[in-house]
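K.L.:
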Amino acid sequence: MADPDSAPDARAVPDGGTAEGDPTVAAVFDAVAATAPEIRAALPGRRVESGTENASGESVLAGDLYADELLGEAITAIDGVGSFVSEEREAAVDAGGEVGSGADDAYAVAIDPLDGSSNLRSNNAMGTVVGVYDAPLPASGRDLVAAGYVLYGPITTMVVADEAGVREEVIERDGDGVERSVVETELTLPDTPTVYGFGGRVPDWPADFRAYARAVEDELKLRYGGAMVGDVNQVLTYGGVFAYPALRSAPAGKLRLQFEANPIAYVVERAGGASSDGAGSLLDVEPEALHQRTPLYVGNEALIERLEAALDAD
Ligand code: AHG
Ligand code: MN
Ligand code: MN
Ligand code: MN
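Letter by letter, the sequence shown follows residues 131 to 444 in our numbering.
#1: For Glu302 and Val296, what's the separation of their Cα atoms in angstroms?
#2: CB of Leu350 to nearest heavy atom of ligand 4: below 7 angstroms?
#3: So is Ser311 buried or exposed if we call it buried at 16+ other beta carbons inside 10 Å?
#4: Between Leu319 and Gly403, how many whole angstroms is the CB-CB distance? I'm expecting something under 8 angstroms.
#5: Does DSSP classify Arg310 as helix, strand or coil?
#6: Nearest CA to the CA of Leu441: which residue from His421, Glu390 and Ala341?
#7: Can you look up Val415 in the DSSP assignment and give me helix, strand or coil?
#8: My assumption, with CB atoms under 8 angstroms, is that Gly261 sits in contact with Ala240. Please give the rounded CB distance.
#9: Using a Cβ-based criterion (distance less than 7 angstroms to any ligand heavy atom), does Asp198 qualify as near ligand 2?
#10: Report the partner residues of Lys351 according to the DSSP bridge assignment.
#11: Compare the C-alpha of Ala265 against each of Glu349, Ala236, Asp224 and Ala432 and name the closest.
#12: I'd like to confirm the pairing. Which residues does DSSP put opposite Gly370 in its beta bridges?
#13: Tell me the rounded alpha-carbon separation between Glu416 and Ser406.
#14: For Leu250, which residues in the same chain have their Cβ closer than 7 angstroms to its Cβ, ignoring the five residues on either side in sequence?
#15: Between Tyr237 and ligand 1, is there a pair consisting of the residue's CB and a ligand heavy atom that are separated by less than 7 angstroms?
#16: Could you please give the first and the last residue of the uninterrupted beta strand (DSSP E) stretch that includes Val239?
#17: Hey, how far is the Cα of Ala439 from the Cα of Ala225?
#18: Suppose only complete runs of 3+ residues qualify. What are the beta strand (DSSP E) ranges in the segment 207-283, listed by chain order?
#19: If you check the beta carbons only, do Val371 and Tyr326 fall under 8 angstroms apart?
#20: On the premise that Leu317 lies in contact with Glu298, defined as a C-beta separation below 8 angstroms, what is that separation, rounded to the nearest angstrom?
#21: Which value, in whole angstroms, describes the spacing of the CA atoms of Leu350 and Asp198?
#22: CA-CA distance, Glu179 and Leu195?
#23: Which class does Thr148 belong to by DSSP, given the choice of helix, strand or coil?
#24: The beta strand (DSSP E) that contains Asp292, what's its start and end?
#25: In whole angstroms, what separates the C-alpha of Glu188 from that of Gly246?
#26: Can you list, in chain order, the residues of its chain whose CB lies under 8 angstroms from that of Glu435, leaving out five sequence neighbours each side?
#27: For Asp304, which three-state DSSP category applies?
#28: How many Å lie between Ala419 and Pro381 at the Cα?
#29: Can you tell me whether Arg436 is helix, strand or coil according to DSSP?
#30: Which residue from Val289, Leu267 and Ala157 puts its Cα closest to that of Asp209?
#31: Helix, strand or coil, according to DSSP, for Leu426 in the structure here?
Written out as structure tokens, the structure is:
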């Protein structure tokens with residue numbers, strides 16, 4: 131385990147790049163907002179398995195593919211987007227333009243088109259996750275200039291984090307367009323934690339995480355819905371901790387770094403919370419492969435520090 135004291139200031143708020151008011155970043159989230167009602171409207175007819183597997187070896191639903199297609203088309207059409215990565219595509223898609231951190235370089239966009247798609251059959255919350263990087267992928271979370279997610283809950287919301295902070299919008303169909311109303315301009319994690327949600331099965335949790343979970347269970351209320359976006363939104367709303375931990379059967383955990391963990395860590399850290407892969411901020415995890423997995427722990431800083439101490443105990 132890396133010694134947390136030697137790691138870069140893991141609790142430093144992401145530096146966020148030069149995204150504030152960046153027209154390409156705005157265009158990415160415009161595209162995500164514009165497709166959200168179409169994705170939502172298409173879900174009832176796309177609950178079936180597509181019969182294919184993705185790069186993570188997961189079965190893919192028709193809804194996953196539809197969301198991926200719609201978002202891929204909209205995002206790759208944006209001038210300042212140079213490459214596009216998706217949970218549902220093996221390799222990056224060249225969208226034209228050199229990706230880098232130079233002033234007129236293009237951005238790389240990574241998405242999880244439909245997060246929590248196993249909730250489609252049970253009609254529970256799902257989402258879309260987006261990360262905008264100013265570096266070719268796979269990239270470090272420190273290369274994110276903006277990140278966010280759409281939550282298909284009882285209402286459709288979009289949370290966007292960038293250099294300016296974290297805001298929340300309600301997205302509604304308006305004729306054949308969308309109406310976006312900003313409902314929160316400075317989304318921050320409440321100081322007092324209330325909820326927790328931990329993925330995986332208890333017997334598959336390593337002993338050190340199990341001990342941590344036991345303590346948290348005595349203090350907070352269980353809120354686990356099976357879709358990272360919905361569960362993280364609970365933590366952002368009520369304070370607490372969400373984890374998909376390292377498992378005995380899967381020490382690298384389940385969630386993917388580029389299009390799940392990095393964007394979510396960026397949002398939570400910009401909202402005043404903390405993230406960890408068990409040793410330090412998720413934004414400092416070394417990028418190796420587009421679909422690499424990582425353990426994910428996000429929430430109030432004190433709860434994440436306790437988690438890291440618990441995993442470091444042995
Ligand atoms: P996805 O549907 O994009 O593959 O992501 C599913 C992930 C994440 O949304 C959630 O936190 C986790 O899988 C739930 O896993 P379990 O079904 O094992 O609880
Ligand atoms: Mn999947
Ligand atoms: Mn997902
Ligand atoms: Mn997905």
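Built from N, CA and C at the ideal position, the CB exists for glycine as well.
P.N.:
According to the structure shown:
#1: Indexing the sequence shown from 1 puts residue 302 at position 172. Indexing the sequence shown from 1 puts residue 296 at position 166. Each residue's alpha carbon lies about 20 angstroms from the other.
#2: Walking along the sequence shown from the start, residue 350 turns up at place 220. No, the Cβ of Leu350 stays beyond 7 angstroms of every heavy atom of ligand 4.
#3: What you label residue 311 is simply residue 181 of the sequence shown in a count that begins at 1. Ser311 is exposed by the Cβ-count criterion.
#4: Numbered from its first residue, the sequence shown carries residue 319 at position 189. Numbered from its first residue, the sequence shown carries residue 403 at position 273. About 4 angstroms; that satisfies the 8 angstroms criterion.
#5: Mapped onto the sequence shown, residue 310 falls at position 180. Three-state result, Arg310: strand.
#6: As a working mapping, residue 441 is identified with position 311 in the sequence shown. Taking only the C-alpha atoms, the option nearest Leu441 is Ala341.
#7: Against the sequence shown, residue 415 aligns to sequence position 285. Looking at Val415 - three-state DSSP - the assignment turns out to be coil, as it is neither helix nor strand.
#8: As a first step, residue 261 is located in the sequence shown; it is residue number 131 there, counting from the start. As a first step, residue 240 is located in the sequence shown; it is residue number 110 there, counting from the start. Contact holds; Cβ gap of about 5 angstroms.
#9: On the sequence shown, residue 198 is found 68 positions in, with the first residue counted as 1. Because no heavy atom of ligand 2 lies under 7 angstroms away, the Cβ of Asp198 does not count as near it: no.
#10: On the sequence shown, residue 351 is found 221 positions in, with the first residue counted as 1. Partner(s): Val325.
#11: Along the sequence shown, read from residue 1 onward, the residue named residue 265 stands at position 135. Looking at the Cα atoms, Ala236 is the closest of the given residues.
#12: Residue mapping note: residue 370 aligns to position 240 of the sequence shown, counting from 1. Answer by DSSP bridge pairing, in chain order: Val325.
#13: For the purposes of this step, residue 416 is taken as the residue at position 286 of the sequence shown. For the purposes of this step, residue 406 is taken as the residue at position 276 of the sequence shown. So the alpha carbons of these two residues sit roughly 13 angstroms apart.
#14: For the purposes of this step, residue 250 is taken as residue 120 along the sequence shown, with counting starting at 1. Cβ within range, chain order: Leu173, Arg177, Leu191, Gly193 and Met256.
#15: As a first step, residue 237 must be located in the sequence shown, where it is residue number 107. Not so, every heavy atom of ligand 1 lies at least 7 angstroms from the Cβ.
#16: As a working note, residue 239 is residue 109 in the sequence shown. Residues Tyr237 to Asp245.
#17: The count along the sequence shown starts at 1 and reaches residue 439 at position 309. The count along the sequence shown starts at 1 and reaches residue 225 at position 95. Rounded to the nearest angstrom, the two C-alpha atoms are 43 angstroms apart.
#18: 211-216, 237-245, 256-263 and 274-282
#19: Taking the first residue of the sequence shown as 1, we reach residue 371 at position 241. Taking the first residue of the sequence shown as 1, we reach residue 326 at position 196. The answer is yes: Cβ separation under 8 angstroms.
#20: Within the sequence shown, numbered from 1, the residue matching residue 298 stands at position 168. Within the sequence shown, numbered from 1, the residue matching residue 317 stands at position 187. Their Cβ separation, rounded to whole angstroms, is 5 angstroms, which keeps Glu298 and Leu317 in contact under 8 angstroms.
#21: As a working mapping, residue 350 is identified with position 220 in the sequence shown. As a working mapping, residue 198 is identified with position 68 in the sequence shown. Leu350 and Asp198: Cα-Cα distance of roughly 36 angstroms.
#22: By 1-based counting over the sequence shown, the position of residue 179 is 49. By 1-based counting over the sequence shown, the position of residue 195 is 65. In a straight line, the C-alpha of Glu179 is about 10 angstroms away from that of Leu195.
#23: Locating residue 148 in the sequence shown gives position 18, where the first residue counts as 1. Caution is warranted here: a pLDDT of 46 is assigned to Thr148, below 50, making its placement in the model unreliable, and the coordinate value is therefore given only provisionally. Reduced to three states, the DSSP call for Thr148 is coil.
#24: In the sequence shown, residue 292 corresponds to position 162, counting from 1. From DSSP, the beta strand (DSSP E) with Asp292 extends over Thr286 to Asp292.
#25: Along the sequence shown, one-based indexing puts residue 188 at 58. Along the sequence shown, one-based indexing puts residue 246 at 116. Roughly 12 angstroms separates the two Cα atoms.
#26: Here the question's residue 435 lines up with position 305 in the sequence shown. Correct list, in chain order: Ala404.
#27: Within the sequence shown, numbered from 1, the residue matching residue 304 stands at position 174. Strand, per DSSP.
#28: Walking along the sequence shown from the start, residue 419 turns up at place 289. Walking along the sequence shown from the start, residue 381 turns up at place 251. Taking the straight line joining both Cα atoms gives about 16 angstroms.
#29: Position 306 of the sequence shown, counting from 1, holds the residue named residue 436. Of the three classes helix, strand and coil, the one that applies to Arg436 here is helix, per DSSP.
#30: Here residue 209 refers to the residue found at position 79 of the sequence shown. When only C-alpha atoms are compared, the closest one is Ala157.
#31: For the purposes of this step, residue 426 is identified with residue 296 of the sequence shown, where counting begins at 1. Three-state DSSP puts Leu426 in a strand.
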